[in-house]
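Structure first, then comments.
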Ligand code: SF4
Ligand code: SF4
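Numbering (this note's numbering), first residue to last: 1 to 292.
Below is the structure:
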């Protein structure tokens, strides 16, 4: 079975235990204003221009049969309404500044890739982590992929917002060894405001997953003024305590480089001025979610 992916990260060390290969599935039903992977938000074909890598040779502009490319203010500009994704600019660009950020991959191909990297993952207690976008957004492909990975003896982990019908989780859970789950905002209205969806299903699914007894790590992305408030973090700790007080919560510091990716896609980031929390502030925020 084929599914849509936008990236594969090799030798990842922050996506679960050991050295892991992380596969990023494309598409997400949430629209978090701070999304750090904007190239994974929507399904379908897309093109990005890494302007920092461009050497201004003009090859892409002359190559494009649709006249979708031009130079504006000294930089390559894409008229996305004209592009038909023929890929010529990607193939001809000498500096790999043009890139397609969608690709179809099949379960067999991805499992073979993981088998080749199994030596590293096995000795370190690693495996595969399926991330996104939101992996639950391609449930049939995800299920087949996990089955295939388990048949190959690979440790499986998912990084998810848990936003899906519970039956999707029921189907995939037997083929997962561990879960990295996001709880971003506890207050429902605030969650809707910043992610576009209610968190009711998410919190309900968390209770379901915790009941399975498999390893779960809760993660909270720290977004200044949105998720990174004492009230929200203490609220998330209390909610997790009410389900299983032994569960750990990990805070992910704000990634101030995410804005660059928005420029590659000709999108505007919600706040270019935000920066990661300095050490003391980060530690203070962590103290709100520690297991007591
Ligand atoms: S993918 Fe094809 S149509 Fe689109 S910008 Fe590149 S060359 Fe032009
Ligand atoms: S082909 Fe690549 S390096 Fe040359 S102008 Fe286009 S994007 Fe820049």
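Glycine is no exception: its CB is placed at the ideal position from the N, C-alpha and C atoms.
query	result
Which listed residue (244, 193 and 220) has its alpha carbon closest to that of residue 212	244
Own chain residues within Cβ distance below 8 Å of residue 204, not counting five before or after	166
Reduced DSSP category for residue 2 - H, G, I as helix; E, B as strand; rest coil	strand
Cβ neighbours of residue 210 in the same chain (closer than 8 Å, five flanking residues each side left out)	216, 243, 244 and 247
Proximal residues to residue 106 (C-beta, below 7 Å), its chain only, five neighbours per side dropped	1 and 2
Nearest residue (CA-CA) to residue 284, options 262, 123 and 253	253
Uninterrupted beta strand (DSSP E) stretches inside the region 166-229 (no shorter than 3 residues)	178-182 and 216-221
Stretch pair the region 48-67 + the region 84-101: three plus CB contacts closer than 8 Å	yes
Inter-residue Cα distance where the pair is residue 21 and residue 264	25 Å
Heavy atom of ligand 1 within 8 Å of residue 303 beta-carbon	Shown here, the chain extends from 1 to 292; a query on residue 303 therefore has no answer.
Neighbourhood of residue 83 by C-beta, 7 Å cutoff - its chain only, sequence neighbours within 5 removed	47, 66 and 68
Same chain only: Cβ atoms within 6 Å of residue 141, ignoring 5 sequence neighbours per side	1 and 3
Pairwise C-alpha distance: residue 127 and residue 109	16 Å
Near ligand 2: residue 68 beta-carbon under 8 Å from a heavy atom	no
DSSP state of residue 163 mapped onto helix, strand, coil	coil
Distance cut-off 8 Å: residue 85 Cβ against heavy atoms of ligand 1	yes
Ligand 1 heavy atom lying under 8 Å from the CB of residue 29	no
Rounded straight-line distance, which links the Cα of residue 19 to that of residue 13	5 Å
Spatial distance of residue 198 from residue 39 (CA atoms)	23 Å
Residues near residue 80 by beta carbon distance below 8 Å, same chain, minus five either side	47, 68 and 266
Near ligand 1: residue 65 beta-carbon under 8 Å from a heavy atom	yes
Extent of the continuous alpha helix (DSSP H) to which residue 118 belongs	118-124
Neighbourhood of residue 56 by C-beta, 6 Å cutoff - its chain only, sequence neighbours within 5 removed	none
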